[in-house]
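Asker: Before I ask anything, let me first share the structure, which is written out below as structure tokens.
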Amino acid sequence: MLADFQTLAAALTRDDAGKISADDADGAISLAVTRYSKDRPRAKVEDVAAPGGKLLPLPASWEAGFSALSGLEYPVGDVPPSMIGSQAWAMYNAPGGMSIMVFDSIPVGAAVRASYGVAHQVSGVTDTVPPGDREAVCCLAAASLCDQLASLYSGDTDSTIGADSVNHQSKAAEFAARAKALRKRYHDELGIDDRKNVAAGVVVDLDLSSSLGGDRLGHGIGYRGSRRGR
0 MLADFQTLAA ALTRDDAGKI SADDADGAIS LAVTRYSKDR PRAKVEDVAA
50 PGGKLLPLPA SWEAGFSALS GLEYPVGDVP PSMIGSQAWA MYNAPGGMSI
100 MVFDSIPVGA AVRASYGVAH QVSGVTDTVP PGDREAVCCL AAASLCDQLA
150 SLYSGDTDST IGADSVNHQS KAAEFAARAK ALRKRYHDEL GIDDRKNVAA
200 GVVVDLDLSS SLGGDRLGHG IGYRGSRRGR
């Protein structure tokens, strides 16, 4: 459940100074789950009733803009399964909406078993991420938060005292290195090639003041005013 992700992501981030709010952390978790869903969507199998002809309706749980069809079985129940070849069906978009086109007609009322993917869900009552992948998702969430903490410490304009400035730069480097390591753990756990996933990170904007109450570089008073006016 969400509480488990919150606890693990916080432990991986190690924000001892408490710069990250609960909303920041939840936003990072949500974005990490979205990215994980693209890398490893949740498999769904559903039977649809053929209306007759060569067009099939989309499954009831189909998620527009996300779901992708991976297979069609017809007739249902054969051993081994009788799969419609991938060259014998296609997604068909018409003014009335998306449907599945098969190249051979299917009788009215016949069941066709559709296999497809949907996004994962993590909330206070739902968690569809397999336990074995939970740590990987939390690593990705923590990586984005560490990126933001690195930016926060490196952009603190009020660190005028030498020792304090060195400390902030050290923290910035520490969080940047941690973000890189955590993102690599995510890729390694899922068997993803880093070179093909340069944009795998998610970004959460921490609109925070500096350690002494001033504005950070790039987030001045005008910036905050524009955000409040949105």
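Numbering that gives the first Met the number 0 numbers the first residue of the sequence shown as 0 and each following residue consecutively. Yeah, the Cβ is synthetic: ideal placement off N, Cα and C, and Gly gets one too.
#1: Work out the CA separation of Ala175 and Asp149 for me, nearest whole Å.
#2: Excluding the 5 residues flanking Ala67 on each side, which residues of the same chain have their C-beta closer than 8 Å to its C-beta?
#3: Starting from Gly76 and walking both ways along the beta strand (DSSP E), at which residues does that stretch end?
#4: Looking at Asp46 and Ser133, is the spacing between their C-beta atoms short of 8 Å?
#5: Give me the Cα-Cα distance between Val121 and Val128, rounded to the nearest whole angstrom.
#6: Within its chain, find whatever has a CB closer than 6 Å to the CB of Ala89; leave out the 5 residues flanking it on each side and keep chain order.
#7: Taking its Cβ as the centre, do 16 or more other Cβ atoms sit within 10 Å of Ala199, making it buried, or is it exposed?
#8: From the DSSP output, read off the bridge partner residues of Glu45.
#9: Going straight from the alpha carbon of Arg184 to that of Ala141, what length do you get?
#10: I'd like to check one pair, Ala27 with Ala8: are the Cβ atoms closer than 8 Å?
#11: Tell me Val121's beta-bridge partners as DSSP assigns them.
#12: If you compare alpha carbons, which of Ala10, Gly51, Phe4 and Ile105 is closest to Ser29?
#13: How far does the alpha helix (DSSP H) with Asp103 in it extend, from its first residue to its last?
#14: Give the range of the alpha helix (DSSP H) segment to which Leu11 is assigned.
#15: Does Ile83 come out as helix, strand or coil in the three-state DSSP assignment?
#16: Buried or exposed for Thr33, going by 16 or more other Cβ atoms inside 10 Å?
#17: Which of helix, strand or coil does DSSP assign to Ala67?
Answerer: Let me lay it out:
#1: Note on identity: in this sequence residue 149 is Ala, with Asp being the wrong assignment. Taken atom to atom, the span from the alpha-carbon of Ala149 to that of Ala175 is near 5 Å.
#2: Around Ala67: Pro40, Tyr115 and Gly116.
#3: Taken as a continuous stretch (DSSP letters only), Gly76 belongs to no beta strand (DSSP E), as it is neither H nor E.
#4: The amino acid occupying residue 133 in the given sequence is Arg; Ser does not appear at that position. No, the pair does not count as a contact, with Cβ atoms beyond the cut-off.
#5: Going by the C-alpha atoms only, they are around 7 Å apart.
#6: The beta carbon of Ala89 is closer than 6 Å to those of Met100 in its chain, skipping five residues each way along the sequence.
#7: Any answer about Ala199 is weak, because its pLDDT of 41 lies below 50 and its placement is not dependable; what the coordinates show is given next. Within 10 angstroms of the beta-carbon of Ala199 lie 16 or more other beta-carbons, which makes it buried.
#8: Answer is Ala113.
#9: Arg184 and Ala141: Cα-Cα distance of roughly 11 Å.
#10: Against a cut-off of 8 Å, the Cβ pair of Ala27 and Ala8 comes out as a contact.
#11: Beta bridge pairing from DSSP links Val121 with Asp126.
#12: Residue Phe4 is the option with its Cα nearest to Ser29.
#13: Looking at the DSSP string, Asp103 is not in any alpha helix (DSSP H); the run it does join, the beta strand (DSSP E), is Gly96 to Ile105.
#14: Looking at the DSSP string, the run of the alpha helix (DSSP H) that includes Leu11 is Leu1 to Thr12.
#15: Strand.
#16: Around the CB of Thr33, fewer than 16 other CB atoms lie within 10 Å, so the residue is classed as exposed.
#17: DSSP places Ala67 in the coil class of the three-state scheme, outside both helix and strand.
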